[in-house]
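Reviewing the structure listed below.
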Amino acid sequence: MERAELYQLHWPNPVVPLSSTMAGMRDAQEAGLVDEIGVSNFGLERWRQADSALQAPVISNQVPYNLLQRTAERDLIPFAQAEDRLILAYSPLAQGLLSGRYTQENLPGGLRRANKLFIPGNIRRAQPVLEALREIAAAHRVTPAQIALAWTVRLGRVASIPGAKSVWQLEQNAEAADINLSMDEIQVLDLVSRTFEPLTRIRSIAEFGLRLISR
Ligand SMILES: NC(=O)c1ccc[n+]([C@@H]2O[C@H](COP(=O)([O-])OP(=O)(O)OC[C@H]3O[C@@H](n4cnc5c(N)ncnc54)[C@H](OP(=O)(O)O)[C@@H]3O)[C@@H](O)[C@H]2O)c1
């Protein structure tokens with residue numbers, strides 16, 4: 016019989032109580048179908064509730080984490096470090112924005128159009144981060160995307176799960192695990208990324224309107 020090492024709940028379900036979901040997860044563990052249970056997109060309080068409902072540690076939480084989205088640092092990563100859990104950083108390349116390939120004139124299509132990070136104003140605001148990535152990448156003779164990935168795993172108890180559209184990207188992403196960033200490089204990336212304040216879609220439309228009026 017196949018056994019999954021980790022079974023993760025994708026999103027909190029507003030209709031199905033956690034007690035019921037976690038009882039099912041426990042059954043799956045007891046039946047020998049899965050080793051560990053994880054969640055995704057859970058805040059800390061809900062993660063703790065999941066522990067209580069499972070009556071055991073919920074080992075991982077898969078959340079967005081990259082240089083432009085650092086909310087997980089507030090309490091999820093400290094919790095994972097203190098309690099021996101794991102954060103799985105999804106969208107570690109900010110859906111490709113941190114590769115430096117996209118500009119206000121060259122936006123990706125598809126679902127990424129709905130991601131507020133790809134609002135032209137936010138691509139502009141991300142430039143200091145992209146510049147720092149380019150500079151550090153040149154020093155290591157790797158790509159900005161690889162430096163962005165290496166940054167996500169600089170802390171203990173964080174693993175990164177980048178998406179890849181080609182074998183080349185897959186190999187590059189795997190190789191990023193071998194990059195060691197210096198303390199100075201980490202500090203530079205921390206500093207520039209902390210200055211990034213994304214525009215909301217509404218603010219971006221308002222700013223665009225103001226620019227038109229002031230022309
Ligand atoms: N749990 C959840 O709710 C949730 C939500 C979202 C995602 N995820 C998971 O997280 C994983 C990755 O997240 P994601 O795909 O959203 O974002 P991501 O890993 O930040 O970005 C992936 C995109 O970046 C580009 N890319 C990848 N490697 C690259 C490289 N080495 N150099 C340059 N560009 C590169 C590719 O797009 P282009 O080449 O087209 O630019 C690729 O599709 C996926 O496995 C996904 O299932 C989970």
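Numbering (the working numbering), first residue to last: 16 to 230.
Idealized CB from N, CA, C, for every residue including glycine.
Nothing here was measured: the structure is a model prediction, and the numbers come from that model.
*Segments assigned beta strand (DSSP E), at least 3 residues, entirely inside the region 130-182*: With a minimum length of 3 residues, the continuous beta strand (DSSP E) runs that stay inside the region 130-182 are 173-175.
*Segment limits, beta strand (DSSP E) that includes residue 79*: That run of the beta strand (DSSP E) goes 75-79.
*In terms of residue numbering, what span does the alpha helix (DSSP H) encompassing residue 45 cover?*
Element bounds for residue 45: 33-45.
_Distance, residue 122 Cα to residue 68 Cα_ = Taken atom to atom, the span from the alpha-carbon of residue 68 to that of residue 122 is near 43 Å.
*Compute the distance between the beta-carbons of residue 132 and residue 112, then report whether it is under 8 Å.*
Going by beta carbons, residue 132 and residue 112 fall inside the 8 Å limit.
*asked:* Using CA atoms only, rank isn't needed, just tell me which of 85, 36 and 87 is closest to residue 66.
replied: Closest option to residue 66, Cα to Cα, is 36.
_Below 7 Å, is the gap between the Cβ of residue 108 and the nearest heavy atom of ligand 1?_
True, at least one ligand heavy atom lies under 7 Å from that Cβ.
*Run the proximity test for residue 184: is its beta-carbon closer than 7 Å to any non-hydrogen atom belonging to ligand 2?*
By its list of ligands, the structure shown excludes ligand 2, since it contains just ligand 1.
_When 140, 85 and 20 are compared against residue 119, the one with the closest alpha-carbon_ = Ranking 140, 85 and 20 by Cα distance to residue 119 puts 140 first.
*Quick one: using the 10 Å Cβ neighbour count with 16 as the cut-off for buried, is residue 29 buried or exposed?*
Exposed: under 16 other Cβ atoms inside 10 Å.
*Can you grab the Cα-Cα spacing for the pair residue 94 / residue 74, in whole Å?*
Roughly 11 Å separates the two Cα atoms.
*Name the one or two DSSP bridge partners that residue 23 has.*
Bridge pairing for residue 23: 53 [DSSP].
_Coil, strand or helix - residue 122 by DSSP_ = Residue state for residue 122 is assigned as coil, using DSSP reduced to three classes.
*Between the CA atoms of residue 63 and residue 197 - distance to the nearest angstrom*: Cα-Cα distance, rounded: 34 Å.
*Rounded Cβ spacing between residue 27 and residue 61 (contact assumed at less than 8 Å)*: The pair is a contact, with the Cβ atoms about 6 Å apart (cut-off 8 Å).
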